[in-house]
Each structure stands twice: as C-alpha cells, then as structure tokens.
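In my numbering, the protein residues as written are 84 to 413. Using N, Cα and C, we set each Cβ at its ideal position, and we do this for glycine too.
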C-alpha cells in the first residue's frame, strides 16, 4: 500500500472503497458466466470453471431474470453494517510494521486428494470451527474458508460455522472471508448472506476485462472486501483503469495454471507496480515465503491451508512465528 503521510491510512482506504458502493443492476442482472479464458483450456482450472459455469447456469435458469434482479437489488439495499473490514484492518495494521495475517481453514479430506502429515483430519464443520477458535485465540487477524464442492460437501455451512465460532472468542472477531471461484454476482450474494466479510476468488484471467470490474464493484456495493487476482502487469493496468482497489497475487491461478516465470519474483515486481493506495494480499505456504512477500511490500498474507495443517494443534505458535518472520524488525 502506497500511502500519503499527510492523511491517515484508514481515511484513505475508506475513501477509496466507499466511492465504489454503487452498481447498475439493469445492465448486469442477466449477465451469464463467461467462457473459460483461452489460457485455461485443458488445465485443471479450465475444468473447474466449466463445472462452476454449469452449476451457475442451472441456478440462473431456476431464478429467472426477475428473480435474479430481485436477489441482487435486495442484497445491495442491505450492505454490510461493517464494510471493508479486511481493508480497514490492513490500513490500521501495516503502519505497525507487520502485515495482516489471513489464515485459510480447510478440510484435510478433500476430493482432490490433498494429503497432510497431521495425525488428525479436519473433516467436518465442527472441526473447522475448532481450528477457527484456536486461531482466533492465537491472534489471527482474519480467516478464509473455502466453500467449493471440491473442498467441502457442506459449502456455505462451513463458512457460517467458522464465522460463528470466531465471533464467540473476541469482542471484535476476525473478519471471515469466503474462498471460491466467483464468476457471477449471485455467488457474492450467497456468500454475503452466509455472513462473510469478503470474497477471495475473483480472478482477472477468468472473468475477463468486462466481468472482473463488475464483480469488484458489485462486491464493493455490498461492503465486502474482494481482492482481484492478477498474474501480470497487463492485467494490473487493465484493472487499474476501472479503479479496482484490492489486488491478490499467488492465491489460485499460480497453482492451477502453468505461467512461465510466475512466482515470488513476479509477485514482488507486481507489488511494486500497484497504484496509489491499492491494497495487496499475497499467498504464502512457508515462513520463508511470508518473509519474502512482506519484504516485497505485501500488505496482507494469505496463509495457505498447507501451512495451517502443518501446525495443526499449534496454531498460536504459527501466528507467533509468522509475526516474528514478518514484523520488519530484522
């Protein structure tokens, strides 16, 4: 985040996000999910997007044009009472010399066959809530819950249960975000109604130059944080023209698409090109990656599920280790 020292960071963030709380529903209520981008053809990402499109098409057909517009209008007329919680937390925290730590809480028994060395599996919403409780007690700044069918058979129930568990621990609970593959505003409405403070999974290379700004501005209209994931400078510049205020790097696309040269060096280069007052969220899966991302200028770190699994039962120690690695005192 590039700041102006004469104005407080929270005030700048508030003004940057608040100006986007409008949305033209008439133009977009009938928007259909776009086709997968050419770069994703034949990849796991392409297969995922195709599956999500099919699921969305069925829901949109069931709702109809009027039903969809009613859902969107209803959501926008009741925006979050506490908007942009993650962005505001970042604005308050980064001046202290450390990044905001956002932890992904996911089941260990998933359909994609992810394996861990932990002795205890996480296979239910209740067990996810227990991890959320330990992380919240340990000082986690924010939490992220995957809701795609490859990650959980219970979908948004996981998000709801984690949000409820986190709210019981601290007077001001950590923001809980929903991670999925977001292709349409209807999905954002669903996530908001499940209690999330934001969404992770709006990807510029998936929703394209037209759809991505729509998804970003609609999320802002609801008061939700919605980082847009980018993989190159061209995408960054394209999103900058639409005033996108929050960017994500190395979250989903870097794992699913083979992009030559993509990695920490590219992420660091993009961080240096972010527009004035833009906010950044960077995915990391080790203490070393966390340290490197912070040194490159990341405002917030998306701590991947693999690292959380590795420290299962020692969540407070993980939080402390990440703070030590990224507090800027070295």
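Presumed contact (8 Å Cβ cut-off) between residue i and residue j, rounded CB distance
i	j	result
residue 261	residue 274	4 Å
residue 350	residue 379	7 Å
residue 281	residue 169	5 Å
residue 357	residue 386	With 8 Å as the limit, residue 357 and residue 386 do not qualify as a contact, their Cβ atoms being about 21 Å apart.
residue 314	residue 336	5 Å
residue 172	residue 254	Contact flag wrong, Cβ pair sits at about 15 Å.
Residue i - DSSP class collapsed to helix/strand/coil
i	result
residue 312	strand
residue 377	helix
residue 363	strand
residue 226	strand
residue 260	strand
residue 383	strand
residue 286	strand
residue 327	coil
residue 121	Caution applies to residue 121, whose pLDDT of 43 falls short of 50 and renders its modelled position unreliable; the model cannot decide the point.
residue 301	helix
residue 281	strand
residue 340	Low per-residue confidence applies at residue 340: pLDDT is 43, beneath 50, and the placement is therefore not dependable, though the value from the model is reported in the following sentence. In this structure, residue 340 counts as coil in the three-state DSSP scheme.
residue 184	strand
residue 332	strand
residue 393	helix
residue 246	helix
residue 255	coil
residue 318	helix
Separation of residue j from residue i, as counted between CA atoms
i	j	result
residue 303	residue 283	13 Å
residue 308	residue 204	30 Å
residue 235	residue 243	13 Å
residue 222	residue 144	44 Å
residue 292	residue 397	42 Å
residue 230	residue 211	12 Å
residue 373	residue 393	15 Å
residue 129	residue 322	22 Å
residue 286	residue 139	17 Å
residue 190	residue 217	15 Å
residue 400	residue 175	23 Å
residue 414	residue 270	Residue coverage of the chain in this structure runs from 84 to 413, which leaves residue 414 outside it and unanswerable.
residue 388	residue 151	34 Å
residue 245	residue 208	8 Å
residue 121	residue 252	Per-residue confidence for residue 121 stands at a pLDDT of 43, beneath the threshold of 50, marking its modelled position as unreliable; no derived number is given.
residue 403	residue 371	14 Å
residue 219	residue 233	25 Å
residue 141	residue 178	46 Å
residue 154	residue 148	10 Å
residue 228	residue 324	30 Å
residue 164	residue 206	32 Å
residue 202	residue 127	Caution is warranted here: a pLDDT of 46 is assigned to residue 202, below 50, making its placement in the model unreliable, and the coordinate value is therefore given only provisionally. Those two C-alpha atoms are separated by around 29 Å.
residue 256	residue 166	14 Å
residue 135	residue 326	27 Å
residue 294	residue 355	25 Å
residue 395	residue 161	37 Å
residue 276	residue 320	32 Å
Distance CB(residue i)-CB(residue j) smaller than 7 Å
i	j	result
residue 381	residue 363	yes
residue 182	residue 384	yes
residue 188	residue 215	yes
residue 186	residue 146	no
residue 361	residue 328	yes
residue 353	residue 332	yes
residue 180	residue 410	yes
residue 289	residue 132	yes
residue 365	residue 376	yes
residue 184	residue 224	yes
residue 312	residue 334	yes
The region 290-302 / the region 253-268 touching (three or more Cβ pairs under 8 Å): yes
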